[in-house]
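For reference, the structure is listed below as structure tokens.
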Amino acid sequence: MKFKKIILPLITLLLIISCSKDTANPDSENPRIDRSANLKSLGASANELLSDMKFTSLTIEVVYVTGFKPTDAALNNLAQFLSKHTFKPDGIKISTRAVASSNKAPFSIEEIAELEAEERTVYNAGDEIAVFIYVADGSNENDEDNKVVVGSAFRNTSMVLYGKTIANIANNANSVSRSDVESAVLKHEFGHLFGLVDVGSPMQVDHLDPENLAHCNVNGCLMTSNIEFGSSIIDMVDNKILELDDLCINDLVANGGR
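Heads up: the sequence shown runs through residues -24 to -1, 1 to 234, numbered per mature numbering (1 follows the signal peptide of the UniProt record, and there is no 0).
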């Protein structure tokens, strides 16, 4: 199994569909949860997240290591972003839960996937689609001195935020708050779950960054690679509310979103 690694440009080539269905537990009257719908490749659920054709509500499970809970402001900004770009008439729900440190930092994306398997409790059910967000207490194993990973969407309904890295960025910036950085990263990674750029929501007009696949080439767009890589995220979020540009929005609208 391979996953999307944010730090590399070969973003769409690092994906494999991971569809496995749990079998019923012979020692229980109730079958185990079918997780297969939430273990697909990045962008596979773009239309399901955006539209109300199959799922009319969205639930988000945020599991954070103690001390790295996302700010209320960031979660509120995420909820507003989702309401703006999706059709979920039965609502959007965000829950948070603290867990102990795994003591595995720095993390590979495979280790993050293992933590998801241990900690995730919410999966698609009925007309509700579920997304899992893990906020880690460490950094990505591929961080460099001048280039760090702040987050990664690595499956169709899964993402990780590197909470310690985000806190370090915010602490080293006078004019950027932690909630500013968290908001930008959360919305950016959800953009990938929505299939941007060209990983599930086909481009209506070519705006793909050839050097950073799955990212937008329009300066100032929320989906530029600067957000994920952390190289110039301070300049991008400094006194600004980052939004999707018109080309990204057109892709979402064409795939069932707003």
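Note that the Cβ used here is the ideal one computed from N, Cα and C, for glycine as well.
None of the values given here were measured: they were computed from a predicted structure.
Annotation: V161 to G232 spans about 23 Å, alpha carbon to alpha carbon. Scanning its chain for C-beta atoms nearer than 8 Å, with the 5 sequence neighbours on each side dropped, one finds around P82 the residues G114, S115, N116, E117 and D119, in chain order.
The beta carbon of I9 sits closer than 6 Å to the beta carbons of Y99 from its chain, once the five residues preceding and following it are set aside; these are given in chain order. The shortest C-alpha to C-alpha distance from E92 to any of T72, V39 and F63 is the one to V39.
Separation of F63 and K69 (C-alpha to C-alpha, rounded to the nearest whole angstrom) is 14 Å. Nearest Cα to S21 within the set L54, V41, I217 and V107: V107. At a Cβ-Cβ threshold of 8 Å, S128 and T47 do not count as neighbours. In the assembly as shown, M29 is an exposed residue. Its beta-carbon has fewer than 16 other beta-carbons within 10 Å. Between L228 and L58 a beta carbon distance of about 12 Å is seen, past the 8 Å cut, so the two are scored as non-contacting. Pairing T133 with N53 gives a Cβ-Cβ distance that is not under 8 Å. By the beta-carbon neighbour count (other beta carbons within 10 angstroms, threshold 16), G67 is exposed. With a beta-carbon spacing of about 10 Å, V75 and A112 fall beyond the 8 Å limit used to define contacts. Between G167 and G19, the gap from beta carbon to beta carbon reaches 8 Å or more. A residue is called buried when at least 16 other Cβ atoms come within 10 angstroms of its Cβ; T200 meets this threshold and is buried. Where K69 is concerned, the enclosing beta strand (DSSP E) starts and stops at I68 to V75.
Taken atom to atom, the span from the alpha-carbon of S77 to that of S84 is near 15 Å.
K123 carries a strand assignment under DSSP once its states are collapsed to helix, strand and coil.
Residues of the same chain with their beta carbon placed closer than 7 Å to that of N144 are lacking, with the five preceding and five following residues left out of the count. When the five nearest sequence neighbours on each side are left out, the beta carbons in the same chain lying within less than 6 Å of the beta carbon of T141 are those of S115, V124 and V126, in order along the chain. By the Cβ neighbour-count rule, T35 is buried, with 16 or more other Cβ atoms within 10 Å of its own.
Bridge partners of E104 according to DSSP: S33 and A101.
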